[in-house]
Every structure is written in structure tokens, then in C-alpha cells.
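I have placed the structure first, in the form of C-alpha cells, so that the comments after it can refer back to it.
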Amino acid sequence: MKIGIYSGSFDPITKGHEDIIRRAAKMTDKLVVAVLNNVNKKYLFSLEERSSMVIESLKDMDNVEVKSFQGLLTEFMEENGIEFIIRGLRAVSDYEYELTMAFANSDISCGKAETIFMPASKQYMYLSSTVVREIANYNGRLSDYLNEHVEMKIRDKIKFQGSR
Ligand code: COA
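The sequence shown begins at 16 in this note's numbering and counts up one residue at a time.
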């Protein structure tokens, strides 16, 4: 069984993430989507909120499993029989960082963790969760970037924060 993993902060999940997940799931028997905390980031949504938006977005997908864990991606992969990491590549600016991560993950797993890059679809090439949060802050149009239920959550969150 070919199992892949796609990890991220998903603060919040966007249609760009979903594009990679849906395409990657076609190439795997099972795809684990790992909702993680990046120690270098401050989040708008809690880990639980981020995970539940990811679960809701992917609920129609039979071979996708949403997980959270702490620690190294490669250790989680080893423990769960996962062979490869899926990463989306957007603009050229992603390349250097993604290559560094791919080499590091390969090194720390003694070559076991393979990384597969998928180009983002054209319309999501410059999309990020930061862009989405920025648009939401100014009450801009988000329907091109977010599913309806995610859009509702981010609008509620920003309203709630503004009322405090
Ligand atoms: N569509 C839309 N946005 C995308 C995207 C796509 N296809 N691909 C990436 N992005 C965005 C993300 O939304 C994120 O946006 P933001 O910074 O504005 O919030 C940004 O690109 C970076 O994404 P990513 O590289 O996935 O970083 P992340 O912070 O979301 O997640 C972890 C990083 C948590 C997955 C990573 O640090 C990890 O695996 N940690 C586990 C510990 C570990 O093993 N570390 C590695 C040691 S070598």
C-alpha cells in the first residue's frame, strides 16, 4: 500500500491546499493530511479549529485521513509506514525552501523519506493562508480561495477578535 503525507499549518486550509491534496490522493492508496504547529508561527486558529476545517473540507474523500502530531515528520512517517512526502510548489520562491526541507527530511530518515513535488495549479500559484487572512481582515472577497464553510469561520473569527 502506497501511503503519502501532506503536512501544513492550514491557517486556514485554502483551495490551493485542497487542489494539491485532491490531485495527490489520486496517486496514493492513502494520503495522510497532517495538521501541524510550525514553531515559528503565530496562528489565527487553534490546532483543533484548523483540523476541523480540514476534516470538513475533505470529508468526501475516502482515502484521506486527517491527523495531528507533535515531533518530526519523518518519525511519524516511520511509525506509520508512510513512504513519501507530498509538497506543492508554487512560485519559484518556494523552490529553495522546499529543496532544503526535502534534503533534511531525507538525511534525518537515512534516505527513507522521499519527497514528491507537485506544481500548484495556475490559479493558486500565489495563494497563501497569509494572503487569505489579509483579505479577510479587510472584508474582501474570498470565494475564489476558500470553501464556503472556511470563509464563514474566518469571517466569524475576525468579527470575534474585533469585538474584544
Ligand atoms: N496553496 C496555498 N497555500 C499554500 C500552498 C498551496 N498549494 N502551499 C503552501 N502554501 C502556503 C501555506 O498556506 C503557508 O502560508 P502562510 O505561511 O501564509 O501561513 C505557506 O505556504 C507555507 O506553507 P508550509 O511550507 O506548508 O508551511 P507551514 O508553516 O504551513 O507548515 C510544517 C510547515 C508544519 C508542515 C513543517 O514545518 C513540518 O513538517 N514540521 C514538522 C517538524 C519537522 O519534521 N520539521 C522538518 C525538519 S527538517
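By construction, the Cβ of each residue, glycine as well, lies at the ideal position given by its N, Cα and C atoms.
- When L161, E166 and N152 are compared, the shortest CA-CA separation from G177 is found for N152.
- Going by DSSP, Y21 is part of the beta strand (DSSP E) stretching over I18 to G23.
- In this structure P27 is buried. Its beta-carbon is surrounded by 16 or more other beta-carbon atoms within 10 angstroms.
- At least one heavy atom of the ligand COA lies closer than 8 Å to the C-beta of M116.
- Put simply, the backbone Cα of P134 is about 6 Å away from that of G103.
- The stretch 149 to 168 and the stretch 23 to 43 touch, with three or more beta-carbon pairs separated by less than 8 Å.
- In the DSSP secondary-structure assignment, L104 is bridged to P134.
- One alpha carbon belongs to A128, the other to M116, and they sit about 11 Å apart.
- Annotation for L46: the continuous beta strand (DSSP E) segment containing it runs K45 to V50.
- Using a Cβ-Cβ distance cut-off of 8 Å, the stretch 38 to 52 and the stretch 70 to 81 are in contact, since at least three pairs of beta carbons, one from each stretch, lie closer than that value.
- Assignment of K56 by DSSP, reduced to helix, strand and coil, places it in the coil class.
- Proximity of the beta carbon of F99 to the ligand COA is not indicated: no heavy atom of the ligand is located closer than 8 Å.
- Counted as a single uninterrupted DSSP element, the stretch harbouring E98 is not any alpha helix (DSSP H), since DSSP gives it neither H nor E.
- If you look at K74, you'll find it isn't in any alpha helix (DSSP H); DSSP assigns it neither H nor E.
- Within the same chain, and ignoring the five residues on either side of N120 in sequence, the residues whose Cβ sits closer than 8 Å to its Cβ are L88, T89, I100, A128 and T130.
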